[in-house]
Amino acid sequence: MVSRRALLQRAVVAAGALVFLRRAPTAQAASGQEADAPRPTHTPRWGMVIDLDKCTSCQACVVACWAENNQPLPGPEAHRAGRVIEWMKLLSVHEGSYPRVRQRLLPIPCQQCDQPPCTTVCPVFATYKNPEGLVAQIYPRCIGCRYCVNACPYTCKFFNWSEARWPASMAQELNPDVSVRPKGVTEKCTFCHHRLQRAKEQAASEGRVLQAGDYVPACMQACPAQAIVFGDLNDPASDVSKAQDNPRRFRLQEELGTEPKVTYLSEA
Amino acid sequence: MEVTRRAFLQLTGLMAGTTGAFERFIRHRLMGLPAPADDVLLTPHAPEQWLPSVCQLCPAGCGVAARVVNGRVVKLEGLPAHPINQGSLCPRGLAGLTELYHPDRLLQPMKRIGERGEGRFEPIGWDEAIRTLIDRLRTLHQRGESHRVAWLSGHTAGIAPQLIERFLRGYGATRHFVLSPPTGELPVDAFHMMVDWQGQMLYDLAQATLILSFGMDWLQAYPSPVEASRAYGHLRRGQPDRRVRVVQIEPRLSVTAAKSDEWLPVRPGQEGWLALSMAHVLIRDRLFHERFVQDSAVGFEEFSRFVESHASPEQVAEPTGIPAETIVRVATEFGLRRGLAVGSRADALTQWAVMSLNGLVGNIDARGGILRRWEPEALSLPAAVTPTDAPMLPTDAQALPALLQSQQPSPIEVLVLSSANPCFLSPSPSRWADAFKAVPWIVSCTAFLDETALHADLLLPTATALEQWQYAPTTASDGTVVATICRPVLAPRNEARGLPDLILQLAQAFGPPLDNALPWHSLEQLVMDRLHALYDAKVGLLLPPISVPGTPAPSVEKPAMNVEEFGKELLARGGLLWPAEASPWPEFRTPSRQFEFVPRAIAERLKASPTLFPTEESAAAAGFPLQLYLYSPLAFLNGYGAHLPHLQQIAGSQLHEAWVTWAEIHPSTAGALGIRDGESIWVASAHGRITVKARWSEGIQPSVIAIPLGLGHTAHGRWAQGIGENPACLIEAKRDPQTGQPLWQGTWVKVWKA
Amino acid sequence: MRERLLLLVGLAVLVGAALYAARERARQAPLVVQPSIPFPHKTHVDAGLTCTTCHATADSQSFAGLPAVRDCLDCHAAVGADTPLLAQVTPQLEQAASRKEELPWKQVYQVPAHVYFSHQRHVTLARLDCEVCHGQVKKLTSPVVRQDVAISMERCVTCHQQQRVTADCLACHR
Chain U
1 MVSRRALLQR AVVAAGALVF LRRAPTAQAA SGQEADAPRP THTPRWGMVI DLDKCTSCQA
61 CVVACWAENN QPLPGPEAHR AGRVIEWMKL LSVHEGSYPR VRQRLLPIPC QQCDQPPCTT
121 VCPVFATYKN PEGLVAQIYP RCIGCRYCVN ACPYTCKFFN WSEARWPASM AQELNPDVSV
181 RPKGVTEKCT FCHHRLQRAK EQAASEGRVL QAGDYVPACM QACPAQAIVF GDLNDPASDV
241 SKAQDNPRRF RLQEELGTEP KVTYLSEA
Chain S
1001 MEVTRRAFLQ LTGLMAGTTG AFERFIRHRL MGLPAPADDV LLTPHAPEQW LPSVCQLCPA
1061 GCGVAARVVN GRVVKLEGLP AHPINQGSLC PRGLAGLTEL YHPDRLLQPM KRIGERGEGR
1121 FEPIGWDEAI RTLIDRLRTL HQRGESHRVA WLSGHTAGIA PQLIERFLRG YGATRHFVLS
1181 PPTGELPVDA FHMMVDWQGQ MLYDLAQATL ILSFGMDWLQ AYPSPVEASR AYGHLRRGQP
1241 DRRVRVVQIE PRLSVTAAKS DEWLPVRPGQ EGWLALSMAH VLIRDRLFHE RFVQDSAVGF
1301 EEFSRFVESH ASPEQVAEPT GIPAETIVRV ATEFGLRRGL AVGSRADALT QWAVMSLNGL
1361 VGNIDARGGI LRRWEPEALS LPAAVTPTDA PMLPTDAQAL PALLQSQQPS PIEVLVLSSA
1421 NPCFLSPSPS RWADAFKAVP WIVSCTAFLD ETALHADLLL PTATALEQWQ YAPTTASDGT
1481 VVATICRPVL APRNEARGLP DLILQLAQAF GPPLDNALPW HSLEQLVMDR LHALYDAKVG
1541 LLLPPISVPG TPAPSVEKPA MNVEEFGKEL LARGGLLWPA EASPWPEFRT PSRQFEFVPR
1601 AIAERLKASP TLFPTEESAA AAGFPLQLYL YSPLAFLNGY GAHLPHLQQI AGSQLHEAWV
1661 TWAEIHPSTA GALGIRDGES IWVASAHGRI TVKARWSEGI QPSVIAIPLG LGHTAHGRWA
1721 QGIGENPACL IEAKRDPQTG QPLWQGTWVK VWKA
Chain C
2001 MRERLLLLVG LAVLVGAALY AARERARQAP LVVQPSIPFP HKTHVDAGLT CTTCHATADS
2061 QSFAGLPAVR DCLDCHAAVG ADTPLLAQVT PQLEQAASRK EELPWKQVYQ VPAHVYFSHQ
2121 RHVTLARLDC EVCHGQVKKL TSPVVRQDVA ISMERCVTCH QQQRVTADCL ACHR
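Residue numbers (this note's numbering), protein chains in the order written: chain U, 1 to 268; chain S, 1001 to 1754; chain C, 2001 to 2174.
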């Protein structure tokens, strides 16, 4: 039986939540169009292809992502607790036994699902899929319930269990284009969305539409083996569309129907 | 609880009082509004800049573009169109920014006040530091004992090594010891014996037709990691309808082995037998390159005789653990495709065996094979005016501890260290600390208070690459030469000074004859000098202007007309390049002027005993049944990187390990010893023991236990100190008789549950 | 038992009310700062300067930019050197210039760190007048100490909706 006290506590929380949510605008109002840019002929749909036959598992993408996105510093305590935040991570899977053993090494960013399981469970609309297909996390809106963290089958959502801190000298490295997330909210790979914000503006200021190569996430830019291809899946002529059209293609846990926009090309 | 009106009112009053705190909480925590003065870090106030520089976390010399906002560097990217990295970077380079802003950097000259090794220092000014050092040097110089000064340097990139040599020569000292990294070096000793006694070698990986690697984890530990990764991507899927096969021979399923088409788990130390037996197959089946062998090589008959009688696939199958039919199949493929055999700087015999395979298929001075490093004349510094032309003495760094203690008093009175940390990274590191006790005075030029710096009497804080002028010539794997030339991205932190600047300042402060050998007041002056010389020489191509995605396109290129414009463009773009020259020298530089299949040193060794790679069953009998295999993950390339938290985190991703020293052991071996996955175990050799975390792995030869190098620091900043164990203390300080290099592999150990 | 229940309900209402009031205050109260120098915008605008003369990157960068103290001194070497106001601040300017420091300008119009706001986007691409967000700043004879227009997300969104430009969260959140 629910005690009266518990009931009242809930009522208070609910009232508080209402106060904070009352006038927050809805993201459905989003149009995804920039009046200030030349009207694009179509809405892009951002996607990525990772060619595992080119990838050398050097993890440049992992460190590039950390450096670009102001992710909290990893450390032994966070590692032991399984709380290291790494938007791009290397998954390693052993198959077979000695000497016929294979090890598959896969860099895993947010899969940017077209049917994201994480957004449907969010009670406050802090995570949603935007018109260009990016699964966004709006930090000030996130209440830290971690429903989405649990819902993500790729474990690509990360909760800030503690406050991100840097030694004073190292705080100078922080990327001014990206915010520092407070304790108690969930964060995730954004396909370096801040780079898109800037690239769109740059293109508009030059009076042109966004071109291939204007917007490149940090992981792709760093990759020495050029294993990552990124671009507009709605443009059949884009590199990413062409790369995707490959018999080696597969997507992670496709059977779940999440429709990831990250496609892998298998080794052989 | 009885609630009185009074209590109610008190509570209400309290709440009203806390409304202000609520408001602050809501404003700054919930709404995220910064306090008025809190906008400094995340608000740019001047247009961002992209400035060229060079990465110096390993000697490869990748060009970097530093993104500067508000005078601070917020990101490093690869310099686009730089021949080494073509706009990309490896994780080390990306983490390199943390080295600049590391909270535990040495930022001020210090002098020792405690005992050696105790770590008690007090800050002093630069003037005092330089004066103390100069006084010491001058006293020795006046006594005619210049030779009692020695320099020990570790991994030093850019112009510094040249300046050190000049400094020592100018001063009259003859000993410059250079520590070589434990893994990931190219087999230069074999190259010197068989191809070119004074040159440096390159593997033209990207053009190879098959890569057969003998124990070289070339995707992780390679002199130029970005080039290795770039080459791999290109070989696999970079060319239409062509996918180059990669075969890895190594006791452990390294990253390279995991990314290879085939992994041959050889017993440690037996890679050489495997190479020789493949040579046997190539000769037997006449799959070698007859023209190269006839026209450009000597010693083929002697070589064939040896491999025919001692290295048939059947003979080596047992010691190597690789079936004879596999050896024949791989060797045949290697011969038919004219593959590239990649080795590391292991013992001289293994190096020789692997190099001979490249000779057999004629892959020397050939595209997709072994190239020789060259450098255009215009890039080298003008000849020095030196008072002594005494040849530099052989300077085998591993012999230094014995030399220091060889006499009383020590033959070395002043020892200068730069970026060298032998007290952490050398076999039996404790012997270095003992040897240092014999040296009256030690100066360490270092960016961090590491294990070796703890033994110094004077600490001089060195600047990182971004804080210095750069004049860094280097050669890409395909033979393209690039000189990264640029200004500092930002001023050095606090009191740090670049090593080249420090050397030049010392020379100036010392006066004649040192200031003749090093006639520049600063590195800036040297760079400007060279810049004028390069302009006059009219050689080299300017790198293209920096363009980073999402940033304004660079203005249209116009040819540089005068020297000022040239200098401006050069420094803004980051350097000059020289396209590859296929074969800069017409002949091989060996005694016979041909490729030598059996160089003299090897011939003597073959005569002495045909058992080149003994399996040392005696060790197993003596109670040490497992062979220790050491490797460096890319994160800890050259044993360096544990002080950067991001590199710590990625070092063990293959097994999802981090911030601990783990040891890979086969489940069957572990099971027999009662060791479960994840348990703490002791690993002991005849020389020392450590506790590590056992990790079961199917990817390891069952008679082997593999441990990564790079962890186990007792100093070197907050992220390195006290994390993991240093397996170097298990290794006996043994040196290869031919090369003098330390032998890192081949230690026998026993293992038990801790 | 009844009293306790009443007390709890009362407390809940009070907490809610206090939170709401505090939030509204925080949202609507314009930011107030202490000025570092008594800078009169009006005098400069009347003298014919445009906004981008001093806020040089307002049309080309995300941030508007502030004049360097050197620019102030260079300009005032020729103009307005005799006004009492300038006489009052000149020592401060010169001191800053001699120390190679900048004036400690205070940023009055701020957005939180998780918001991407670009002046270029609004000034050059959307061709908004500065007054839309900065109010009557051109007419101020005293330094800017408070927001004339309170900057809030509600205001941003309302305007974006009116102007039919994107109101996608990701257009501004980062």
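All residues carry an ideal CB built from backbone N, CA and C; glycine is no exception. What you are looking at is a predicted structure, and each value in this text was computed from that prediction instead of being measured.
Considering residue i, what are the terminal residues of the alpha helix (DSSP H) in which it resides?
i, result
"S:T1792", "The structure shown does not extend to residue 1792 of chain S, since chain S spans only 1001 to 1754, so no value can be given for it."
"S:Y1535", "1523-1537"
"S:G969", "Here chain S has residues from 1001 to 1754 only, and residue 969 of chain S is not among them."
"C:C2051", "2051-2054"
"U:C61", "60-68"
"C:C2133", "2131-2134"
"C:K2042", "2041-2046"
So the beta strand (DSSP E) residue i belongs to, where does it begin and stop?
i, result
"S:P1473", "1470-1475"
"S:S1277", "Looking at the DSSP string, S:S1277 is not in any beta strand (DSSP E); the run it does join, the alpha helix (DSSP H), is 1271-1284."
"S:N1664", "The sequence as given places Glu at residue 1664 of chain S; Asn does not occur at that position. 1662-1665 is the extent of the beta strand (DSSP E) around S:E1664."
"U:C142", "Neither: U:C142 is in no beta strand (DSSP E) and is coded neither H nor E."
"U:K157", "157-159"
"S:G1359", "S:G1359 -> not in any beta strand (DSSP E); alpha helix (DSSP H) instead, spanning 1348-1360."
"S:M1110", "1110-1112"
Is DSSP giving residue i helix, strand or coil here?
i, result
"U:M88", "coil"
"C:V2013", "helix"
"S:G1170", "helix"
"U:R23", "With a pLDDT of 37 at U:R23, under the threshold of 50, the modelled position of this residue cannot be trusted; read the value that follows with caution. Coil, per DSSP."
"U:Q242", "The sequence shown places Lys at residue 242 of chain U, not Gln. If DSSP states are grouped into helix, strand and coil, U:K242 belongs with the helices."
"U:M48", "strand"
"S:I1650", "helix"
"S:L1644", "coil"
"S:C1486", "strand"
"S:M1561", "coil"
"S:M1193", "helix"
"S:C1423", "coil"
"C:K2100", "coil"
Give a yes or no on whether the C-beta atoms belonging to residue i and residue j are separated by under 8 Å.
i, j, result
"S:T1174", "S:H1147", "yes"
"C:P2143", "C:P2038", "yes"
"S:E1725", "S:T1747", "no"
"U:S92", "S:Q1654", "yes"
"S:E1308", "S:H1280", "yes"
"S:A1728", "S:L1425", "yes"
If you compare alpha carbons, which of the options is closest to residue i?
i, options, result
"S:P1123", "S:I1113, S:L1711, S:P1109, S:V1246", "S:P1109"
"S:L1349", "S:W1273, S:G1368, S:I1675, S:E1524", "S:W1273"
"S:V1328", "S:I1364, S:R1286, S:A1366", "S:R1286"
"S:N1358", "S:G1511, S:M1278, S:P1429", "S:M1278"
"S:G1061", "S:A1150, S:V1563, S:C1486", "S:C1486"
"C:K2106", "C:C2051, C:R2146, C:G2080", "C:R2146"
"S:H1102", "S:L1449, S:F1595, S:Q1470", "S:L1449"
"S:D1104", "S:P1052, S:S1229, S:R1589, S:N1494", "S:N1494"
Name, please, each residue of chain S whose Cβ falls closer than 7 Å to the Cβ of residue i.
i, result
"C:L2066", "H1045"
"U:C223", "S1088"
Determine the chain U residues that contact residue i at a beta-carbon separation under 7 Å, and present them in chain order.
i, result
"C:R2155", "Near C:R2155 there are no residues of chain U at all, since even the closest Cβ is about 11 Å away, more than 7 Å."
"C:S2118", "E201"
Please list the partners that residue i has in chain S, where partner means a Cβ-to-Cβ separation under 8 Å.
i, result
"C:S2062", "P1044"
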